[in-house]
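See structure below.
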Amino acid sequence: IVWNPVSDSFEIAIGDSTVSDESNTKRAILSCIARIFDPLGFTGPTTTRSKIVMQDIWKEKLDWDQQIPSHILKMSFRVVRSSKFRHVYGQALKREHCYDNIRVSKSSWDSTFCAVNPKFLAIIVESAGGGAFIVLPHNKVSRIAADHPLVGGHKGPVLDIAWCPHNDNVIASGSEDCVVKVWHIPDGGLHKTLTDPIVDLVYHQRRVGLVLWHPTALNVLLTAGSDNQVVIWNVGTGEALVEIDCHPDIVYSACFNWDGSKLLTTCKDKKIRIINPRTGEIECDAICHEGSKATRAIFLRHGLVFTTGFSKMSERQYSLRTPDCLGEPIVMVELDTSNGVMFPLYDPDTNLVYLCGKGDSVIRYFEITAEPPFVHYINTFQTPDPQRGIGMMPKRGCDVSSCEISRFYRLNNSGLCQVITMTVPRKSELFQEDLYPDTIGDTAAQSADDWIGGQDAEPILISLKGGYKPPESKSVSVHKRSNVLDKMPPKGGKAPANQGAPVPDKTLQEFADEIRKLKAMIVKHENRIRALEAEVALNKAAQVDEDGAGGDGLNAQPTLASDEV
3 IVWNPVSDSF EIAIGDSTVS DESNTKRAIL SCIARIFDPL GFTGPTTTRS
53 KIVMQDIWKE KLDWDQQIPS HILKMSFRVV RSSKFRHVYG QALKREHCYD
103 NIRVSKSSWD STFCAVNPKF LAIIVESAGG GAFIVLPHNK VSRIAADHPL
153 VGGHKGPVLD IAWCPHNDNV IASGSEDCVV KVWHIPDGGL HKTLTDPIVD
203 LVYHQRRVGL VLWHPTALNV LLTAGSDNQV VIWNVGTGEA LVEIDCHPDI
253 VYSACFNWDG SKLLTTCKDK KIRIINPRTG EIECDAICHE GSKATRAIFL
303 RHGLVFTTGF SKMSERQYSL RTPDCLGEPI VMVELDTSNG VMFPLYDPDT
353 NLVYLCGKGD SVIRYFEITA EPPFVHYINT FQTPDPQRGI GMMPKRGCDV
403 SSCEISRFYR LNNSGLCQVI TMTVPRKSEL FQEDLYPDTI GDTAAQSADD
453 WIGGQDAEPI LISLKGGYKP PESKSVSVHK RSNVLDKMPP KGGKAPANQG
503 APVPDKTLQE FADEIRKLKA MIVKHENRIR ALEAEVALNK AAQVDEDGAG
553 GDGLNAQPTL ASDEV
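Heads up, the sequence shown is in our numbering, so the first residue is 3 and it goes up one at a time.
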């Protein structure tokens, strides 16, 4: 028994030194297993596997000095899979450190209703007279006031929201009013309801239920609507770069790969597609899951595809596939018979996938490796309340000092947004480099023009050693760019109430004087118009008199006085 100070765990080796290639016999293996004496069960995982190996050897009915078959021998040498994340555990924060009294949206749309970044938490809420979502800074916890300012410029319920990965102050929202809006949230949050977006993206003919930012290109946004259209926008200019029209039905989910050169979508027709996002051409497609309910799919860091869906018998499934052979999954596992859609949340740094089902009270997490069975179940985090939505914090927002590798924000039906941390237990307080490799930063690797021109670039990585310090605000840099993010006037011609400097009194006085002059000019023109109309009427009356004098006296009409005219 050896203690490993790096992983803070005990490593147990049993009989490896006595078992060699020349002595892989039934006698040698069983004598090795027979020496295990553990009345306290300290080596439980090891002894359990050893007993299984012993049973398999007896089932083969071998002679004592006969060589052990290779499949049993291979299993015997790998007793327990080595992983840094075998002991990951979840912990819910106390209620005073969570967000309470939030009216979460009651929409039946399959969305997470939540988006989070290192600065803000955004939640889609119920709102009268249109759609809205609430944006909260992370230091504003506990009970939220009922009259808290909202982002409420949509005319229909908001269906999906997404923070820009390259600017923590910019968020996009899609709604049932068929419009996509991009908003700028000032540091510190909102002090009054925000109704003026940076830009409106109008293209879809039906509700927009999916918004997704490009992982490496600046200001590139993907939207998908119930009109079966997928549009990729350049938010910086407000124009549509690509229109993808290859889906016969509603698009359930979309995901870019690591460098954003490929697009993965799932559709109501049960197919999964890999698409060239610049041209809209389908590179390959296949049946994803045979069930009729919603499916989800994500790209993993090294190109594999992870999907969730339902079988013909409405059993929930997850699968692992390769892009070259989408129709033949490497792994297909049935979980349970619940009817909630499972959202796969992926951490590319640790290769962990978290499965969060709508209406579930659990979060299951798995590790993806190159060793069979490839998708390794780790553990399940259990909560007493079902979840209506969930959001996952980017890795740069996690607390590296406490070995936190993930943080989730669960939305309950009771109005509570519960914060859950996933932690790897370590005794050392030093920075754990094996848990925190360089992660995706908040700097774009390329511009929208470079990306649409055919260039590919991997995300720019940053080190979390010493912790991540978010910038104060990126609004200055955004407004200085010569694009719609800073030059497009807000709807109605007014500046947002929470942005910009106040107008000087001298300028206001000049505007008032100019308005008075315009009013006086309008009155003068109105008087002139009335005088001209009276003159025209007199001329017409005189013409009538002349026509009457020249005709029959019996038929002549009496002449009208000018005042009667």
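Beta carbons: idealized from backbone N, C-alpha and C, even for Gly.
Please classify Q501: does DSSP put it in a helix, a strand, or coil? Low local confidence applies: a pLDDT of 42 at Q501 is under 50, so the model's placement there is unreliable, and no value is given.
Cα-Cα separation between E369 and H89, rounded to whole angstroms: E369 and H89: Cα-Cα distance of roughly 12 Å.
Any idea what DSSP makes of G570, helix, strand or coil? In the structure as shown, the chain starts at 3 and stops at 567, and residue 570 therefore has no counterpart that could be examined.
At the level of alpha carbons, what is the spacing between L108 and Q93? The sequence shown places Lys at residue 108, not Leu. A straight-line Cα-Cα distance of about 27 Å links K108 and Q93.
Considering only C-alpha positions, which residue in the set P188, R318, M394 and L354 is nearest to D338? Here the closest residue by C-alpha is R318.
K568 - containing beta strand (DSSP E), residue span: Nothing can be reported for residue 568: it is not among the residues displayed for the chain, which extend from 3 to 567.
Give me, in chain order, the residues of the same chain whose beta-carbon lies closer than 7 Å to that of H99; leave out the 5 immediate sequence neighbours on both sides. Excluding residues up to 5 positions away in sequence, V143 and V421 lie with their Cβ nearer than 7 Å to the Cβ of H99 in the same chain.
What residue does the alpha helix (DSSP H) around D202 start on, and which one ends it? Premise fails: D202 lies in the beta strand (DSSP E), V201 to V204, not in any alpha helix (DSSP H).
Per-residue burial, P386 [other beta carbons within 10 Å of its own, 16 or more giving buried]: So P386 ends up on the exposed side.
So is L413 buried or exposed if we call it buried at 16+ other beta carbons inside 10 Å? By the 10 Å Cβ count, L413 comes out buried.
Give me the Cα-Cα distance between V343 and G131, rounded to the nearest whole angstrom. In a straight line, the C-alpha of V343 is about 29 Å away from that of G131.
With a CB to CB cut of under 6 Å and the five nearest residues on each side skipped, what residues in its chain are close to M56? Contacts found: I35.
When the distance is taken between beta carbons, is V153 closer than 8 Å to L223? Taking 8 Å as the cut-off, the beta carbon of L223 is found no closer than this to the beta carbon of V153.
C-alpha gap between T27 and S33, whole angstroms: Distance between the alpha carbons of T27 and S33 is about 10 Å.
Pull up the distance between the alpha-carbon of V106 and that of D162, whole angstroms please. Between the alpha carbons of V106 and D162 lies a gap of roughly 13 Å.
Do the region 464-471 and the region 391-404 touch if we need at least three Cβ pairs shorter than 8 Å? Taking one beta carbon from each stretch, the region 464-471 and the region 391-404 have 3 or more pairs nearer than 8 Å; the two touch.
Supposed contact pair A117 and I173 - C-beta distance, whole angstroms, cut 8 Å: Sure, about 7 Å apart at Cβ, within 8 Å.
Between which two residues does the beta strand (DSSP E) harbouring S408 extend? Following the DSSP letters along the chain, one finds S408 inside the beta strand (DSSP E) bounded by residues E406 to N414.
L418 and D102 look like a contact to me (Cβ under 8 Å); what is the Cβ gap, rounded to whole Å? About 5 Å separates the CB atoms of L418 and D102; that is less than 8 Å, so the two are in contact.
Give the range of the alpha helix (DSSP H) segment to which A30 is assigned. Per DSSP, A30 belongs to the alpha helix (DSSP H) from K28 to A36.
With a CB to CB cut of under 6 Å and the five nearest residues on each side skipped, what residues in its chain are close to K295? Annotation for K295: F312 place their beta carbon closer than 6 Å to its own, counting only its chain and skipping 5 residues before and after.
I'd like to check one pair, P199 with V184: are the Cβ atoms closer than 8 Å? Yes, they are a contact pair.
Per DSSP, I146 is paired with what? According to DSSP, residue pairing for I146 in a beta bridge does not occur.
Test item: CB-CB of I300 and G329 under 8 Å: No, the pair does not count as a contact, with Cβ atoms beyond the cut-off.
If you check the beta carbons only, do T225 and H249 fall under 8 Å apart? Taking 8 Å as the Cβ cut-off, T225 and H249 do not qualify as a contacting pair.
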